[in-house]
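Residue numbers (the numbering used here): 1 to 651. Don't be surprised by glycine CBs; every beta carbon is placed ideally from N, CA and C. Computed from a predicted structure; not experimentally measured. The next block holds one structure in the form of structure tokens; read it before the comments.
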Amino acid sequence: MADIESLLKETRVFKPGREFSRKANWNKKTISEYRKLGEKNPERFWKKMALENVSWFTKPKKSLEWKAPTAKWFADGRVNVSYNCLDRHIEGKNAWRKNKAAIIWEGEPGDTRVITYKQLHREVCKFANVLKSLGVKRGDRVALYMPLIPELAIAMLSCTRIGAPHSIVFGGFSSEALRDRLDDAGAKVVVTADGGYRRGAPLPLKPAVDAALEGSTSVEKVVVVGRSRASVPMRWQRDFWWDDLMKVASPDCPPAKLPAEHPLFILYTSGTTGKPKGILHTTGGYLTHVATTSKAIFDLKEDDTYWCTADIGWITGHSYVIYGILANGATTLMYEGVPTHPEPDRWWDIIERWGVTIFYTAPTAIRTFIRLGEEHPKKHDLSSLRLLGTVGEPINPEAWTWYNRVIGKKNCPIVDTWWQTETGGIMISPLPGAVSTKPGSATLPFPGINPEIYTEEGEPADPPSGGFLVVRRPWPGMLRGIWGDKKRFKETYWGNYPNTYFTGDGAHRDKEGYFWIMGRVDDVMNISGHRIGTMEVESALVSHETVAESAVVGRPDEITGTAIVAFVTPKAGTNVDATLKKTLTKHVAREIGPIAKPADIRFTEALPKTRSGKIMRRLLRDLAAGKETVGDTSTLEDLNVLARLRESDED
Ligand code: PRX
């Protein structure tokens, strides 16, 4: 509550610059028209966007068909994502873009590649043929477990070309996590690399794939990109080098004319149970949503160099490193490594060297750079920048102000964009040419999007008010389901309020209708802008032989937003010492990945529970945040005392 209050004390308002507004893709007049249409008839608004921003083989006549919770958008249209991201920029009136950079890529060791639209088209067609030659058919799932290298973009677009949904698994996930995702999606092919570079050293990936494929699996073939040139064992007739397959592949591969509701990709994200959810997105609606928002919110122009720092393993990378950006024929920059390697000014150096004009990153990164000191960005000429964005977590006004002053030189609008893996594209954000910003607020809904604040009882609350963030009407980029789990889809998102999507976030709306996102209200933590379920970490902990029971909560952290704190009850006879802490931390990293490592593990002989056996999470959250002052809380007795003290409260 204290955080909410301090956020809401923020009263500064920043108006869009006149020059920026005048040149913006969506000026004030357009926006006011679109807002009106979006409110009156969102289906008509989105159909207009679909026809304006997407090229169709068969133009849709239909807009939305909605039978809660199943939405179909533009269902009678036929479309292909790779055609929209590539072919239409090298033929017809935009053919001049053929030699424009589609991807500017920089590896961590400093190697670079610039790939034009024509070159990217050729590579994508070839790899699409490779996939076909490996037996991939329309509808088959292809898993991508790769570093941030151009081949990842090529593989994604190739999948879309032939209608094989991809499932990208972030390279930081462990072989266990990869195995779960491969099994759940029933992937037929995995594309990986020998390794990528992180913090100056090659980080192996192929061994994790080998471990994940032990025993029976749906995976038939593995394609390996040679990136780190580490020596990796290749299994006869299962594993193939990317280069060997590409050498003999034909560059001729017509795009599949897919129905708009054809599955485009699955992306796993954490929920409130131990099992990650495979979020399913489809083709025409998703493409309409990301292409339209990219054009309006990032104001993409022909001469922009756009850089989103997200890894493609997350939704931000799918929607706003690749699909939305290439659909607009813009230049997207990809950087493989860590932000501070070899020096803390690596990012600012990249911006200066490539002349980046639009920069989109996460508040966690901004807070890290604040701590590292202003001298690093100040060494570089950042004057090419004209627009800044943030995503993934609430931005505290201090970080916003620093971003505005030190990076934007008070000359760049900041778009704080709220959305989720499930929403596919941005939902709440300033439109940079028209909406005044307030530090810490994602401002107003995008036209055609209907978020609302609901009270606990499920009543819409008039602003100013705080409560649960919901979306009342379907939108084109929304998830179409959880892979293989209709029941969970219904319960998680549509079970709380009739016909209404529940986001899992709490938010406040001020009297001008501005949204202030307060973070998750469920058992999902937001660590450095990435979602980790408390249950996932708990299951990882109890899978260790020394752990009887565990409860995991988040505590506020200055840099990462939230840090993971685990309360662990060891099995009788376990030797509890600092080594056990290390062992368990490593174990979680092995089970899930380094991002899920607890910042703190506290051992206790019992966990505080309600009479009905529910763990008292609120109490543990207070303990983890250091708010509880009743004695030494790391021991059993104290926890029990606290438990008794709070029992009535929690029941
Ligand atoms: O809690 C919200 C937070 O990130 C969650 C979605 O996480 P994920 O699906 O991993 O996608 C992150 C990138 C889109 C949301 O439920 N979140 C995202 N953007 C913001 C945010 N919180 C506050 N402000 C934002 N701009």
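Looking at L152 and I312, is the spacing between their C-beta atoms short of 8 Å?
yes
According to DSSP, is C253 helix, strand or coil?
coil
Can you tell me whether K486 is helix, strand or coil according to DSSP?
helix
Based on Cα-Cα distance, which residue from G392, L388 and D349 lies nearest to P377?
D349
Sorry if obvious, but does the Cβ on D416 come closer than 7 Å to a heavy atom of the ligand PRX?
yes
Segment contact, 8 Å Cβ cut-off, at least three pairs: the region 363–375 with the region 390–407
yes
Any chance the region 261–280 sits against the region 222–229, with 3 or more Cβ pairs inside 8 Å?
no
Is E10 close to the ligand PRX? I mean its beta-carbon at under 7 Å from any heavy atom of the ligand.
no
Nearest-angstrom Cβ-Cβ length linking T316 and L333, presumed shorter than 8 Å:
T316 to L333, Cβ: 14 Å. No contact.
State the Cα-Cα distance for the pair L213 and I592, rounded to the nearest angstrom.
16 Å
Quick check on the burial criterion: 16 or more other C-beta atoms within 10 angstroms. Buried or exposed for K15?
exposed
Spatial distance of F359 from Y403 (CA atoms)
11 Å
Where does G481 sit, in a helix, a strand or coil, going by DSSP?
strand
Quick one: grab the DSSP three-state call for L387.
strand
Name, in chain order, the residues that DSSP records as bridge partners for S465.
R509
For a test of the three-state rule: what should DSSP assign to P263, helix, strand or coil?
strand
How many angstroms separate the CA atom of D485 from the CA atom of S270?
14 Å
Whole angstroms are fine: how far does the CA of I168 sit from the CA of M146?
8 Å
Skipping 5 residues on each side, what residues in its chain have a beta carbon closer than 8 Å to that of P204?
D194, G195, S228, A230 and V232
Among residues of its own chain, excluding the 5 on either side of T309, which ones have a beta-carbon nearer than 6 Å to its beta-carbon?
T361
Count the other C-beta atoms from every protein chain shown that fall within 10 angstroms of the C-beta of E726, then say buried if there are 16 or more, exposed otherwise.
Any question about residue 726 goes unanswered here, given that the chain covers just 1 to 651.
Cβ-based neighbour list, D557, same chain, cut-off 6 Å, excluding 5 preceding and 5 following:
A563
How would you write the range of the alpha helix (DSSP H) that R18 sits in, first residue to last?
R18 to K23
Measuring CA to CA, which of H166, D252, R386 and L326 is closest to W314?
H166
Using a threshold of 7 Å, is the CB atom of G529 nearer than that to any non-hydrogen atom of the ligand PRX?
yes
In chain order, what residues of the same chain lie with their CB nearer than 6 Å to the CB of N99, ignoring the 5 residues before and after it?
T116
Which residue from G425, A211, I351 and T417 puts its Cα closest to that of H289?
G425
With C-beta atoms as the reference, is T11 less than 8 Å away from N80?
no
Please report how far the alpha carbon of P42 lies from the alpha carbon of L620, in whole angstroms.
44 Å
Nearest-angstrom Cα distance between K221 and K597?
32 Å
Whole-angstrom Cβ separation of P463 and G513, contact assumed at under 8 Å?
6 Å
Which of helix, strand or coil does DSSP assign to F45?
helix
Would A399 be called buried (16 or more neighbouring beta carbons within 10 Å of its own) or exposed?
buried
Pop quiz: L382 and I407 are said to be a contact at Cβ under 8 Å. What is the actual Cβ separation, rounded to whole angstroms?
6 Å
So, for S174: in the same chain, excluding its five sequence neighbours on each side, which residues have a beta-carbon less than 8 Å away from its beta-carbon?
A208, A589, R590, E591, I592 and G593
In terms of DSSP beta bridges, what is V223 paired with?
V191 and F240
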